[in-house]
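S.K.: Just so you know, the protein sequences line up as chains A and B, in that order.
The working numbering runs 1 ahead of the 1-based position in the first sequence.
The working numbering runs 121 ahead of the 1-based position in the second sequence.
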Amino acid sequence: MSLDDVQNVLVVEDESLLALDLECALEELGWEIAGSLGGVAQALNWLKARERPPTAAVLDVNLGGEMVFPVAEALAARNVPFVFATGYSDVVNRSGFSGRPTLAKPVDRDALKRALDALLAPNQ
Amino acid sequence: MPALQQTPGIELDADVDGSLLELVEVIEQLAGARTVEDVAAIVRTAARRISGADGVTFVLRDGDRCWYLDEEAIGPLWKGQRFPLTACISGWAMLQGETAVIPDIYADPRIPHDAYRPTFVKSLIMTPVRRENPIAAIGAYWAELNAPHEREVARLAAIARATATALANVQLIASLEESLERRDELIRELDHRVKNTMSAVIAIGHRTLAHAASPEAFANTFNDRIRSLARAHEHLAVRRWKDADLGELVALSLSPFRRSDDGGLTIAGPAVRLRPEAAVSFLMTCHELATNAAKYGALSLPGGRVDVTWSVAGEPAPGVLTLEWRESGGPPVAPPSRRGFGTEMIRRGFARDVDGETDLEFAPEGVRFRLVAPLSHKISAITETGA
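So this is what it looks like as structure tokens:
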């Protein structure tokens, strides 16, 4: 496997405890953590500074009161597939991203695996 | 019920009857007003009709200014403008709690003549709304001298009394609506916290299981971590989820491991407040440090010391919190063979939440942990005054 083949994932989650757990779950699924950020500004800066975008992203929707959608827009502009994780699916439905895959929090491992597999499926 | 008998010889004066009905009608309308704007609209029309004035203004007290909220008049007055209380007659009426009756405005020194020159006004009545600590005033203006008489003054005073009640109702309705909104907000907030707590418990369960050597070890560590989470919640609940005290959280994290012989515990630093979310991860971070100290570090031997000290520099802005956790007097320390969840939580838990940086050193003489984080809405220093 060359370096280019490594699937890496961006995690955006404001609560460190949940972020640490999500990172471990992703690693157990064979993903490399490209980055793990807790806020919109941090995630946007991280994306801007990065030459190669990540393979995929998992985005918590509500980051301590601010919505993750600007990060979703930046990822969509770079053709990076992503999945939302939220306790409030209606928030995603009311955003411009209603068609995007959404995981219910607390995130279930199998659901996470299925969602990421679907993101990388060739004709998604 | 017997029909009312009209006393012979007394006939209701048609004029008195009419204005009485008009007043009652205004009072009814005011009773149904839901906003200050409603009140203003009712008052300006009614006051003009009932007083027979050429113009009426409705003035609200806005701190040390009078705010000409609404008007109805034959020519423009001061709608939308604000003047200092001390520079206009409505301010005088509100400050004195008295009605001003001015037959000739240019002969009265209380009137700011320049403000009146572009208007039609020659005489006026200004009456405060609410006797105690007036909150508004109603002005009636005439284009001729000596126009207001006792009857107009009395009628305006009656409207002012009804207006005071209406404004009190408006305030009551607003505060009720605010309470209901606040209640809905609290329910949403609670729902959010419950979901977060569930997620946190599941995360802790996963992470603890991944590193547990046996079911018993899992149960012990898991229990300790959930209890720590519960202590964080209790601390926040006592403070009504407003904020948390950093020093108290440090003490809470160490409390399960304190022994009667532990003379060596320092928890010292200035008052620092944490937002609820940051408080939970701070206590979890300290819990992992304290657990490690109790199992392998300074708290595993009598005579071991833990010194937790912190300081705030550059306050108020930009402001940096520096916290140090130093253990000494314990057994010689060796770095852990693998990076467990506890170590990750210490390095990246609270620090990640507050954009801070950490340094965790397993020095042979004792664990050292250092955290540097910028002050923000999540971490704030309280300046003690009069200490």
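The beta-carbon is built from N, C-alpha and C at its ideal position, and this holds for glycine as well.
Give the interface partners of aspartate 22(A) over in chain B, defined as CB-CB distance under 7 Å, in chain order.
M.R.: Per Cβ cutoff of 7 Å: Ala324, His327, Arg328.
S.K.: Determine, for glutamate 511(B), whether the minimum Cβ-Cβ distance to residues of chain A falls below 7 Å.
M.R.: Outside the shown range of chain B, which is 122 to 508, sits residue 511(B), and nothing can be said about it.
S.K.: Would a C-beta distance cut-off of 7 Å place threonine 387(B) and aspartate 428(B) closer than the cut-off?
M.R.: Yes, the pair counts as a contact, with Cβ atoms nearer than the cut-off.
S.K.: On the DSSP letters alone, give me the boundaries of the beta strand (DSSP E) that phenylalanine 241(B) sits inside.
M.R.: Phenylalanine 241(B) -> no beta strand (DSSP E), and no H or E assigned at all.
S.K.: Examine chain A for any beta-carbon lying closer than 7 Å to the beta-carbon of lysine 316(B), and answer yes or no.
M.R.: Lysine 316(B) counts as touching chain A.
S.K.: The alpha helix (DSSP H) spanning glutamate 273(B) covers which residue range?
M.R.: Note, glutamate 273(B): alpha helix (DSSP H), 271-332.
S.K.: For the alpha helix (DSSP H) that tryptophan 362(B) lies in, which residues bound it at each end?
M.R.: Premise fails: tryptophan 362(B) is in no alpha helix (DSSP H) and is neither H nor E.
S.K.: Give, in chain order, every residue of the region 92-106 of chain A whose Cβ lies closer than 7 Å to some Cβ of chain B.
M.R.: Within the region 92-106 of chain A, the qualifying residues are Lys106.
S.K.: Which residues does DSSP list as the beta-bridge partners of valine 72(A)?
M.R.: DSSP lists no partner for valine 72(A).
S.K.: Check leucine 21(A) in the structure and name its three-state DSSP category.
M.R.: In the structure shown, leucine 21(A) sits in a helix (DSSP, three-state: H, G or I).
S.K.: Indicate the three-state DSSP secondary structure (helix, strand or coil) for cysteine 187(B) in the structure shown.
M.R.: Strand, per DSSP.
S.K.: Please list the terminal residues of the continuous beta strand (DSSP E) segment that includes isoleucine 500(B).
M.R.: Start and end: 500-502.
S.K.: With DSSP collapsed to three states, give me the class of glutamate 29(A).
M.R.: Here glutamate 29(A) sits in helix by DSSP.
S.K.: Can you tell me whether leucine 284(B) is buried or exposed? The criterion is at least 16 other CB atoms within 10 Å of its CB, across all chains shown.
M.R.: A small correction: the amino acid at residue 284(B) is threonine; leucine does not occupy that position in the sequence shown. So threonine 284(B) ends up on the buried side.
S.K.: Cβ atoms of tryptophan 47(A) and glycine 31(A): under 7 Å apart, would you say?
M.R.: No, they are not a contact pair.
S.K.: Could you give the distance in angstroms between the alpha-carbon of arginine 352(B) and the alpha-carbon of leucine 442(B)?
M.R.: Their backbone Cα atoms lie some 23 Å apart in a straight line.
S.K.: Are glycine 477(B) and valine 488(B) closer than 7 Å when you measure CB to CB?
M.R.: The answer is no: Cβ separation not under 7 Å.
S.K.: Using a Cβ-Cβ cutoff of less than 8 Å, which residues in the same chain neighbour serine 17(A) once the five nearest sequence positions on both sides are dropped?
M.R.: Closer than 8 Å at Cβ, skipping near neighbours: Gly39.
S.K.: Rounded to a whole number of angstroms, what is the C-alpha to C-alpha distance between leucine 64(A) and threonine 87(A)?
M.R.: Their backbone Cα atoms lie some 10 Å apart in a straight line.
S.K.: Whose Cβ in chain A lies nearer than 9 Å to the Cβ of glutamate 302(B)?
M.R.: Neighbours of glutamate 302(B) on chain A: none; closest Cβ ~17 Å, over 9 Å.
S.K.: What residues are listed by DSSP as bridge partners for aspartate 61(A)?
M.R.: Ala86(A).
S.K.: Taking only three categories from DSSP, how would you classify isoleucine 163(B)?
M.R.: Of the three classes helix, strand and coil, the one that applies to isoleucine 163(B) here is helix, per DSSP.
S.K.: From the DSSP output, in three-state form, read off threonine 412(B) for me.
M.R.: Helix, per DSSP.
S.K.: Can you have a look at serine 296(B) and say buried or exposed, based on whether 16 or more other CB atoms are within 10 angstroms of its CB?
M.R.: Exposed, by the Cβ-count rule.
S.K.: By the DSSP assignment, the alpha helix (DSSP H) with glutamate 465(B) in it spans what residues?
M.R.: Run containing glutamate 465(B): 462-474, per the alpha helix (DSSP H) assignment.
S.K.: Would leucine 11(A) be called buried (16 or more neighbouring beta carbons within 10 Å of its own) or exposed?
M.R.: With 16 or more other Cβ atoms within 10 Å, it is buried.
S.K.: Using the three-state DSSP reduction, which class does leucine 198(B) fall into: helix, strand or coil?
M.R.: Three-state result, leucine 198(B): coil.
S.K.: Is it right to say alanine 281(B) is buried, meaning 16 or more other beta carbons lie within 10 angstroms of its own, or is it exposed?
M.R.: By the neighbour-count rule (16 or more Cβ atoms within 10 Å), alanine 281(B) is buried.
S.K.: Any idea if glycine 425(B) is buried or exposed, counting beta-carbon neighbours within 10 angstroms, 16 or more meaning buried?
M.R.: The residue is buried, with at least 16 neighbouring Cβ atoms inside 10 Å.
S.K.: Alpha helix (DSSP H) containing serine 211(B): first to last residue?
M.R.: Per DSSP, serine 211(B) belongs to the alpha helix (DSSP H) from 210-217.
S.K.: Within a Cβ cutoff of 7 Å, which residues of the same chain sit near glutamate 409(B), ignoring the five residues on either side of it in sequence?
M.R.: So the list reads Gly463, Met466, Ile467, once near-sequence residues are dropped.
S.K.: When Cβ atoms are compared, which residues of the region 38-59 of chain A fall closer than 7 Å to chain B?
M.R.: So the close ones are Gly39.
S.K.: Quick one: grab the DSSP three-state call for glycine 139(B).
M.R.: In the structure shown, glycine 139(B) sits in a helix (DSSP, three-state: H, G or I).
S.K.: Expressed to the nearest angstrom, what Euclidean distance is found between the alpha-carbon atoms of aspartate 345(B) and proline 107(A)?
M.R.: Cα to Cα, aspartate 345(B) sits roughly 21 Å from proline 107(A).
S.K.: Is DSSP giving alanine 268(B) helix, strand or coil here?
M.R.: Reduced to three states, the DSSP call for alanine 268(B) is coil.
S.K.: I need the straight-line Cα distance from leucine 181(B) to leucine 395(B), nearest angstrom please.
M.R.: Roughly 40 Å between the two C-alpha positions.
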